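Asks: Here it is, the structure in full.
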Amino acid sequence: MGKRIGMEIALAAAEAAALCRPDVIAAYPITPNTHIPEHLSDIVAEGRLDAEYICVESEHSAISACCGASGTGARTFTATSSQGLLYMQEVLPIVSAMRLPVIMAIGNRAVSGPINIWNDHSDIMYQRDTGWVSLFAANGQETVDMMIQAFKIGEHRDVMLPVNINLDGFQLTHVVEPIFMPDQEEVDRFLPPYKPYAQLHPDKPMSMGTLGLPEIFNEAMRAKNEAILQSKKVVLDVWKEWEKQFGRKYEPVESYKTEGAETLLLTMGSMGETAEIAVDELRKDGVPVGLVKLKLWRPFPFEELRKVVKGAKSLAVMDRAVSFGGPGGPVFAEIRSALYDEPKKPRTLNFIIGLGGRDMVVEDFIKMAKKTASTKKLRPEDAYEIYGARE
Amino acid sequence: MTAKKWPETWQEVNPGCMVFRPGSASEYHTGSWRAKRPIWENEKCIKCGVCYIYCPEGCVTEGADGFFEANLDYCKGCGICAHECWPAAIKMVNEED
Amino acid sequence: MLEIRWHGRGGQGAVTSVELLALSAIEEGKYAQGFPSFGPERRGAPVTAFNRVDDKQIKIRSGIYHPDVVVVLDESLVGLVNVAEGLKPTGILIVNTTKTLEQLKKHIRFEGRIATCDATGIAWKELGVPITNTTMLGALVKLTGAVKLESLDSPIKERFGRIAPKNQAAAKRAFEEVKIINEGSK
Amino acid sequence: MSTANLNPKKLFENFELYVPKLIEKMEYFSPGHRACQGCGEALAIRMMCKALGKDTVIANATGCMEVISSLYPTTAWNLPWIHVAFPNSASVGSGVSAGLKALRRKGRIPDRYVKTVAIGGDGGTVDIGFQALSGAMERGHDMLYVCFDNEAYMNTGIQRSGATPFGSSTTTAPAGKASIGNKTWKKNVAEIMVEHGIPYIATACHSYPIDFMNKVKKARSIKGPSYIHCLSVCPTGWRSTSETCIKLGRLAVEAGIFPLYEVKYGKYKITVDPPEKLRPVTDYIKPQGRFRHLTPDQIKGIQERVLMEYNKLMNKVNHSKSWDELKAL
Numbered sequence: 000m001g002k003r004i005g006m007e008i009a010l011a012a013a014e015a016a017a018l019c020r021p022d023v024i025a026a027y028p029i030t031p032n033t034h035i036p037e038h039l040s041d042i043v044a045e046g047r048l049d050a051e052y053i054c055v056e057s058e059h060s061a062i063s064a065c066c067g068a069s070g071t072g073a074r075t076f077t078a079t080s081s082q083g084l085l086y087m088q089e090v091l092p093i094v095s096a097m098r099l100p101v102i103m104a105i106g107n108r109a110v111s112g113p114i115n116i117w118n119d120h121s122d123i124m125y126q127r128d129t130g131w132v133s134l135f136a137a138n139g140q141e142t143v144d145m146m147i148q149a150f151k152i153g154e155h156r157d158v159m160l161p162v163n164i165n166l167d168g169f170q171l172t173h174v175v176e177p178i179f180m181p182d183q184e185e186v187d188r189f190l191p192p193y194k195p196y197a198q199l200h201p202d203k204p205m206s207m208g209t210l211g212l213p214e215i216f217n218e219a220m221r222a223k224n225e226a227i228l229q230s231k232k233v234v235l236d237v238w239k240e241w242e243k244q245f246g247r248k249y250e251p252v253e254s255y256k257t258e259g260a261e262t263l264l265l266t267m268g269s270m271g272e273t274a275e276i277a278v279d280e281l282r283k284d285g286v287p288v289g290l291v292k293l294k295l296w297r298p299f300p301f302e303e304l305r306k307v308v309k310g311a312k313s314l315a316v317m318d319r320a321v322s323f324g325g326p327g328g329p330v331f332a333e334i335r336s337a338l339y340d341e342p343k344k345p346r347t348l349n350f351i352i353g354l355g356g357r358d359m360v361v362e363d364f365i366k367m368a369k370k371t372a373s374t375k376k377l378r379p380e381d382a383y384e385i386y387g388a389r390e
Numbered sequence: 000m001t002a003k004k005w006p007e008t009w010q011e012v013n014p015g016c017m018v019f020r021p022g023s024a025s026e027y028h029t030g031s032w033r034a035k036r037p038i039w040e041n042e043k044c045i046k047c048g049v050c051y052i053y054c055p056e057g058c059v060t061e062g063a064d065g066f067f068e069a070n071l072d073y074c075k076g077c078g079i080c081a082h083e084c085w086p087a088a089i090k091m092v093n094e095e096d
Numbered sequence: 000m001l002e003i004r005w006h007g008r009g010g011q012g013a014v015t016s017v018e019l020l021a022l023s024a025i026e027e028g029k030y031a032q033g034f035p036s037f038g039p040e041r042r043g044a045p046v047t048a049f050n051r052v053d054d055k056q057i058k059i060r061s062g063i064y065h066p067d068v069v070v071v072l073d074e075s076l077v078g079l080v081n082v083a084e085g086l087k088p089t090g091i092l093i094v095n096t097t098k099t100l101e102q103l104k105k106h107i108r109f110e111g112r113i114a115t116c117d118a119t120g121i122a123w124k125e126l127g128v129p130i131t132n133t134t135m136l137g138a139l140v141k142l143t144g145a146v147k148l149e150s151l152d153s154p155i156k157e158r159f160g161r162i163a164p165k166n167q168a169a170a171k172r173a174f175e176e177v178k179i180i181n182e183g184s185k
Numbered sequence: 000m001s002t003a004n005l006n007p008k009k010l011f012e013n014f015e016l017y018v019p020k021l022i023e024k025m026e027y028f029s030p031g032h033r034a035c036q037g038c039g040e041a042l043a044i045r046m047m048c049k050a051l052g053k054d055t056v057i058a059n060a061t062g063c064m065e066v067i068s069s070l071y072p073t074t075a076w077n078l079p080w081i082h083v084a085f086p087n088s089a090s091v092g093s094g095v096s097a098g099l100k101a102l103r104r105k106g107r108i109p110d111r112y113v114k115t116v117a118i119g120g121d122g123g124t125v126d127i128g129f130q131a132l133s134g135a136m137e138r139g140h141d142m143l144y145v146c147f148d149n150e151a152y153m154n155t156g157i158q159r160s161g162a163t164p165f166g167s168s169t170t171t172a173p174a175g176k177a178s179i180g181n182k183t184w185k186k187n188v189a190e191i192m193v194e195h196g197i198p199y200i201a202t203a204c205h206s207y208p209i210d211f212m213n214k215v216k217k218a219r220s221i222k223g224p225s226y227i228h229c230l231s232v233c234p235t236g237w238r239s240t241s242e243t244c245i246k247l248g249r250l251a252v253e254a255g256i257f258p259l260y261e262v263k264y265g266k267y268k269i270t271v272d273p274p275e276k277l278r279p280v281t282d283y284i285k286p287q288g289r290f291r292h293l294t295p296d297q298i299k300g301i302q303e304r305v306l307m308e309y310n311k312l313m314n315k316v317n318h319s320k321s322w323d324e325l326k327a328l
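Residue numbers (numbering that gives the first Met the number 0), protein chains in the order written: chain A, 0 to 390; chain B, 0 to 96; chain C, 0 to 185; chain D, 0 to 328.
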């Protein structure tokens, strides 16, 4: 049986990754994810995990080494943040196009410049369209659970895609908190050994990463898109199975006190829990407010989202990144697109919050909820704001 | 097995565009690139095999009699074999001839 | 919910303190958070670290601005940073020092409860080094009841191995020796 | 078959031996690939594969060889092959090597040795892939890296790279009234690899097949990192005729421009003896359009530099000691 422990979430993430018995780990240090690979190297050094640990010279090489290792049929893991993730970017769409289920933890951090090591979601948002399955954890428990789920999702024969698990830098990575850590036997029961679709081995020579001429490129991209669309079913199945075995429920779109809510807040990542407190307080005062938490970012859960926000009058989307010169934050753009064709839909506002580690307290969420509830008419130019930016 | 030149539908594209038919490039014949082709004069040939080893296509093969010939399905007519043939047993001739 | 802010200098082990306290509370079946201030400070710089301890699940993930407890690991910080900033009037300030209330009052504008403990002296005697983080844990535990004193034992053992008994002894002495020098107005 | 004990000089100067009798018949790099007529790089790849044999995995950088060999849904490769991107064949190779090692240890693949070989062109090696190469070699993976150096970015249309020789006209360092063409001297990555302290480094050229293949075999037998820098003539980019591909490689060696040597455990050794008196560089420069614009004075400058570099190498050949010898000093 697993047990309740106190542990820094980054270390717990590493423990969870190790429970999945990866064969090859390649990572490069960058704040704030560093404790994850650091602790994995400890686990390997202690002999608790039989894996090749490659101290690569860059993130680009980390993800490249994972590609090569995954190509041989090894279960592979890496972790990074911010600039490191951007340095990987060249390779990220290739990993998914090659259908290699590399698993990556991302300790989310702002993107330079100015250089800033603190938390927001701009790093992952630059990777939105790379074809990775993308999960967002709200706390330490979800981080651990998602790490293990990710291997099962990514390696599923109907998916064969890389998966990233997003945990907020510092806000999650550096916090010690209670976590139920499954034990090896439980994880082994949940996650079978990796059976690769193809392996680089002379017994059955094959080529990976071939050249796609225009004659097949549309078809190849369609195939990749179908794969990630289809992955949603697997995500849901894996989450159901998880709930059955571990008793913790996961949904692509989680709702908190949404029943009868006229105003909804929507968050991704660790700020959801602070927002819950705001909802509690507003509800105490009789304000009909609810909260929607997005756990699955790619594939985007359009259907589930529409269902959850349907009855609300207004919806405030909390983004943690800016799409410069664009329609607001990237999550906001997605939500609006999801609702565009709906005959009955809430009015949507966008607050871009907590950039580069700017703290958000309960009162901030209350303020935003009240503003959302009281905004009756919205001029297009007021649709989004960078919340709390001093004028 | 000769496959279709292209997969017709997206469903036919292998996951990751992986290719499970090693050496299948040989389905494509590069012989059409050639303007000149090599001719062996076996009387001059000393069977050393320099033509074989220096062929970038790997299309020069040794026959049962120990003499060499180029597989014209693939020979691009680069002329290396003729140029390197020490006893000058290979000549490049125009395709039309 | 109990919210605690620790003041130390980079390298003095404030982060270890918050970890040990969180682990002790979690081991008791409570809920807890321990986290550093996420600044770019390096060894020697004044740093802060934080704890939350509660019987219920802790959801809040923002920083701590109005702590119930402030622990100061290094008395030289007292005149340097406003250690009582945001401290609730009903809260308590625990300082590692041999100074008197009057001496402290020169720098601290806080009317509530103030306690002191000669953690440096204890650490010298028990550990042979002036590292006061585990020592001050004992003082904190005594004054707040955040966890039981013996709950510190196993996290300290896990963390310090061979030298754990010395750290446990230091915590125990601080637990016994810490004294309230100002009762405050309440 | 084994060519390990053959003397390449004898083989190709006297034709005492009959090559095809000795060389692996299997074509691991199949015909039908789309390389240019007379491509020295494709030829070198073909030779390398023959020397490596079946139990090999190739990690290929983006470049000519990847493009001409892997048009989906076909592949020219009869070996397991992976291509990911341009700058990372060395790091992809690191991963392949680590993956094979882990899976073999855990009994998930057959228990036999499989060599990982990463390959790239000069751009993918000396420029954009240099960091990945340095990292992979320094980390000591069991991996051979072979750079097929045709001295410019030929895949994208003959742009200058760090391996482009001085005075060569390229599309981004063109010769003109105010320019000699490329104004920098070739970056010597083989020597940089020597300073990585790896057990085996060699230079090679497809014009000396036995020498090249022997070096590949030696590198294959070393369980650790090794590096081969193979000069590969590109008739398209060098603006030379396709049939002179082999000859140009030979001239580069005979003029001392590209000496063939190896550094095994620190000890330098010339593997193909140059002529008693080096050929003048003009013999090499003349047949190539990329040098057509050079004046006699400029060629004289090149000649001086070539001799200096050659002497620098010979100095190492004459005075270097192996690691074992150095330990015993």
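Think of the CB as a built atom: it goes at the ideal place given N, C-alpha and C, for glycine as much as any other residue. Here the structure is a predicted model, which is why all the values come from computation and not from measurement.
How would you write the range of the alpha helix (DSSP H) that Met329/D sits in, first residue to last?
Replies: Since the first and last residues shown for chain D are 0 and 328, residue 329/D lies out of range.
Asks: For Ala83/C and Ala13/C, what's the separation of their Cα atoms in angstroms?
Replies: Inter-residue distance for Ala83/C and Ala13/C is about 17 Å (C-alpha atoms, whole angstroms).
Asks: Taking the alpha-carbon positions, what's the Asp167/A to Leu312/D distance?
Replies: 54 Å
Asks: Does DSSP put Tyr86/A in a helix, in a strand, or in coil?
Replies: helix
Asks: When we look at the beta-carbon of Pro329/A and count the other beta-carbons within 10 Å, is it buried (16 or more) or exposed?
Replies: Burial is judged here by how many other beta carbons sit within 10 angstroms of a residue's own beta carbon; Pro329/A has at least 16 and is buried.
Asks: Compare the C-beta of Phe245/A against all C-beta atoms of chain C and say whether one is closer than 8 Å.
Replies: no
Asks: Taking the alpha carbon of Leu143/D as the reference point, which residue from Cys35/D, Ala201/D, Thr294/D and Thr163/D has its own alpha carbon closest?
Replies: Ala201/D
Asks: For Arg346/A, write down the residues that DSSP places opposite it in a beta bridge.
Replies: When DSSP reads this structure, Arg346/A sits in a beta bridge with Ser313/A.
Asks: Taking C-alpha atoms, which residue in Phe49/C, Gln167/C and Gly28/C lies nearest to Thr131/C?
Replies: Gln167/C
Asks: Closer than 9 Å, Cβ to any Cβ of chain B: which residues of the region 216-247 of chain D, in chain order?
Replies: Listed in chain order, the positions of the region 216-247 of chain D with a beta carbon within less than 9 Å of a beta carbon of chain B are Pro234, Thr240, Ser241, Glu242, Thr243, Cys244, Ile245 and Lys246.
Asks: DSSP state of Ile8/A, grouped into three classes?
Replies: Of the three classes helix, strand and coil, the one that applies to Ile8/A here is helix, per DSSP.
Asks: Taking all protein chains shown into account, do 16 or more other C-beta atoms lie within 10 angstroms of the C-beta of Val288/A, making it buried, or fewer, making it exposed?
Replies: buried
Asks: At which residues does the beta strand (DSSP E) containing Glu176/A begin and terminate?
Replies: Val175 to Met180
Asks: Can you confirm whether Pro201/A, when its beta carbon is compared against all beta carbons of chain C, has any partner nearer than 8 Å?
Replies: So no, Pro201/A is outside the interface.
Asks: Identify which residue in Ala372/A, Asp381/A and Leu10/A has its Cα closest to the Cα of Val175/A.
Replies: Leu10/A
Asks: Given a cut-off of 8 Å, decide if Val69/C and Thr143/C are closer than it, judged by their beta-carbon atoms.
Replies: no
Asks: Would you mind telling me which residues of chain A sit closer than 7 Å to Leu51/D, beta carbon to beta carbon, in chain order?
Replies: In chain order: nothing, as chain A lies at least about 10 Å away.
Asks: Rounding to the nearest angstrom, what Cα-Cα distance links Asn77/D and Asp110/D in this structure?
Replies: Going by the C-alpha atoms only, they are around 21 Å apart.
Asks: Does the beta-carbon distance from Ser160/D to Ala151/D come in below 8 Å?
Replies: In this structure, Ala151/D lies closer than 8 Å to Ser160/D by Cβ.
Asks: Kindly indicate which residue of Glu258/A, Arg98/A and Pro251/A has the alpha-carbon position closest to the one of Val286/A.
Replies: Glu258/A
Asks: Report the option in Asn163/A, Glu154/A and Trp117/A whose CA atom is closest to the CA atom of Ile123/A.
Replies: Asn163/A
Asks: Sort Ser31/B, Pro21/B and Ile89/B by Cα distance to Gly48/B and report the nearest one.
Replies: Ile89/B
Asks: Pro109/D CB to nearest chain A CB: under 8 Å?
Replies: Pro109/D counts as touching chain A.
Asks: Taking Cβ positions only, does Gly70/A come closer than 8 Å to chain D?
Replies: yes
Asks: Would a C-beta distance cut-off of 8 Å place Phe179/A and Ile147/A closer than the cut-off?
Replies: No, the pair does not count as a contact, with Cβ atoms beyond the cut-off.
Asks: For a minimum of 3 consecutive residues, which ranges assigned as the beta strand (DSSP E) are wholly contained in the region 6-90 of chain C?
Replies: 30-35, 45-53 and 68-71
Asks: In whole angstroms, what separates the C-alpha of Lys343/A from that of Asp381/A?
Replies: 21 Å
Asks: Does Gly62/C have its Cβ less than 8 Å from a Cβ in chain A?
Replies: yes
Asks: Quick one: does Thr1/B have its CB under 8 Å from some CB of chain D?
Replies: Low per-residue confidence applies at Thr1/B: pLDDT is 48, beneath 50, and the placement is therefore not dependable enough to give any value.
Asks: Who are the near neighbours of Ala170/C in its chain, counting only those whose CB is closer than 8 Å to its CB and skipping five residues on each side?
Replies: Contacts found: Thr133, Thr134, Leu136, Gly137, Val140, Leu148, Leu151 and Ile155.
Asks: Does any residue of chain A bring its CB to less than 8 Å from the CB of Glu65/D?
Replies: yes
Asks: Please determine, among Asp72/B, Asn93/B and Cys77/B, the residue with the shortest C-alpha to C-alpha distance to Ser403/D.
Replies: It is not possible to answer for residue 403/D, since the shown part of chain D is limited to 0 through 328.
Asks: Examine chain B for any beta-carbon lying closer than 8 Å to the beta-carbon of Gln287/D, and answer yes or no.
Replies: Output row for Gln287/D: interface = no.
Asks: Can you list the residues of chain F that His59/A reaches, using a CB-CB cut of under 9 Å?
Replies: In summary, chain F is missing from the structure at hand, where the protein chains are A, B, C and D.
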